[in-house]
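Novice: Pasting in a structure now, in structure tokens, and then I'll have a few things to ask.
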Amino acid sequence: MNGLLSTLVTELCAENTTKNTAPVAVSHQQLTALLSCARVAPSADNSQTWRFVTVWSPSTRKALSQLVIPSIAPFVAEASVVIVACGVPALISHVRREQPFVMIDVPIAITHIVLRATEMQIPYVWTLDCDETAMRAQLGIPAHARVIGLIALGRDSE
Numbered sequence: 247m248n249g250l251l252s253t254l255v256t257e258l259c260a261e262n263t264t265k266n267t268a269p270v271a272v273s274h275q276q277l278t279a280l281l282s283c284a285r286v287a288p289s290a291d292n293s294q295t296w297r298f299v300t301v302w303s304p305s306t307r308k309a310l311s312q313l314v315i316p317s318i319a320p321f322v323a324e325a326s327v328v329i330v331a332c333g334v335p336a337l338i339s340h341v342r343r344e345q346p347f348v349m350i351d352v353p354i355a356i357t358h359i360v361l362r363a364t365e366m367q368i369p370y371v372w373t374l375d376c377d378e379t380a381m382r383a384q385l386g387i388p389a390h391a392r393v394i395g396l397i398a399l400g401r402d403s404e
């Protein structure tokens, strides 16, 4: 195994860093780097059906924390930024069989983001268990998009 891969595997297998109590701000530049990793994630027909909504507002993050499983709610409320991962099923150009590709492709893109966050030593939590209807309403996400999951990154200093 080469050095970079070995380091990443070691970090992934280490104790979860989400319990970090020190503030860890995520910059716009870091967020751009994280989202660029999703861009290269594989997807059915290379359709890249994912869309991401970034949430910087403390009041909106707090509202979103009420729409996820209780075990990660505090991390969502206190995150530096939250990424809500959505999928647009209609973007797949053709389907040979009935398959919920968007429900497969978006989590793969999420995985690319959290792998990069691990490498950048940015603490995170993520979930696919959130209140889709309420989250769509909270963020004004259109009906043609599915809310698939959420990633809370860093820890706000406020």
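Adding 246 to a residue's 1-based position in the sequence shown gives its number in the numbering used here. Ideal Cβ placement from N, Cα and C applies to all residues, glycine included.
When we look at the beta-carbon of glutamine 367 and count the other beta-carbons within 10 Å, is it buried (16 or more) or exposed?
Specialist: Numbered from its first residue, the sequence shown carries residue 367 at position 121. Its Cβ having fewer than 16 others within 10 Å, glutamine 367 is exposed.
Novice: What are the start and end residues of the alpha helix (DSSP H) that includes cysteine 283?
Specialist: Along the sequence shown, read from residue 1 onward, the residue named residue 283 stands at position 37. In the DSSP annotation of this structure, the continuous segment of the alpha helix (DSSP H) that includes cysteine 283 starts and ends at 274-285.
Novice: Which residues in the same chain have their Cβ closer than 7 Å to the Cβ of leucine 280, if we skip the five residues on either side of it in sequence?
Specialist: Residue 280 sits at position 34 when you count from the first residue of the sequence shown. Around leucine 280: Ile359, Arg362 and Ala363.
Novice: Count the other CB atoms, across all protein chains shown, that sit within 10 Å of the CB of glutamine 275; report buried if there are 16 or more and exposed otherwise.
Specialist: Here residue 275 corresponds to residue number 29 of the sequence shown, with the count starting at 1. Exposed, because fewer than 16 other Cβ atoms sit within 10 Å of the Cβ of glutamine 275.
Novice: Cβ of methionine 381 within 8 Å of Cβ of valine 393?
Specialist: Stepping through the sequence shown from its first residue, residue 381 is reached at position 135. Stepping through the sequence shown from its first residue, residue 393 is reached at position 147. A contact, by the Cβ cut-off of 8 Å.
Novice: For glycine 395, write down the residues that DSSP places opposite it in a beta bridge.
Specialist: Reading the sequence shown from its first residue, position 149 is the one you call residue 395. For glycine 395, the pairing in a beta bridge is given by DSSP as Ala331.
Novice: Would isoleucine 329 and isoleucine 387 qualify as a contact pair, given that the criterion is a beta-carbon distance under 8 Å?
Specialist: Translated into positions along the sequence shown, residue 329 becomes position 83. Translated into positions along the sequence shown, residue 387 becomes position 141. No.
Novice: In the DSSP output, which residue or residues are listed as bridge partners for phenylalanine 298?
Specialist: Position 52 of the sequence shown, counted from the start, is the residue given in the question as residue 298. Answer by DSSP bridge pairing, in chain order: Ala331.
Novice: Report yes if the CB atom of alanine 355 is closer than 8 Å to the CB atom of alanine 331, and no otherwise.
Specialist: Locating residue 355 in the sequence shown gives position 109, counting from the first residue. Locating residue 331 in the sequence shown gives position 85, counting from the first residue. For alanine 355 and alanine 331, yes; Cβs fall inside 8 Å.
Novice: With distances taken from CA atoms, which of Glu365, Ser326 and Thr379 is nearest threonine 300?
Specialist: Here the question's residue 300 lines up with position 54 in the sequence shown. Among Glu365, Ser326 and Thr379, the Cα nearest to that of threonine 300 belongs to Ser326.
Novice: Going by the beta-carbon positions, is the gap between valine 352 and threonine 278 smaller than 8 Å?
Specialist: One-based indexing of the sequence shown puts residue 352 at position 106. One-based indexing of the sequence shown puts residue 278 at position 32. No, they are not a contact pair.
Novice: Would you grab the beta carbon distance between alanine 284 and valine 334 for me? Rounded to a whole angstrom, and I think it's under 8 Å.
Specialist: Indexing the sequence shown from 1 puts residue 284 at position 38. Indexing the sequence shown from 1 puts residue 334 at position 88. In fact, because the Cβ distance is near 14 Å, the residues do not count as touching under 8 Å.
Novice: By alpha-carbon positions, which one of Cys376, Leu385 and Gln384 ends up nearest to alanine 319?
Specialist: In the sequence shown, the residue the question calls residue 319 occupies position 73. Nearest of Cys376, Leu385 and Gln384 to alanine 319, Cα basis: Cys376.
Novice: In whole angstroms, what is the alpha-carbon distance linking glutamate 365 and alanine 323?
Specialist: Here residue 365 is taken as the residue at index 119 of the sequence shown, counted from 1. Here residue 323 is taken as the residue at index 77 of the sequence shown, counted from 1. Taking the straight line from one Cα to the other gives about 23 Å.
Novice: Quick check on this structure: which residue in Thr357, Arg401 and Leu385 has the alpha carbon closest to the alpha carbon of valine 286?
Specialist: Along the sequence shown, read from residue 1 onward, the residue named residue 286 stands at position 40. If we check each option's Cα against that of valine 286, Thr357 comes out closest.
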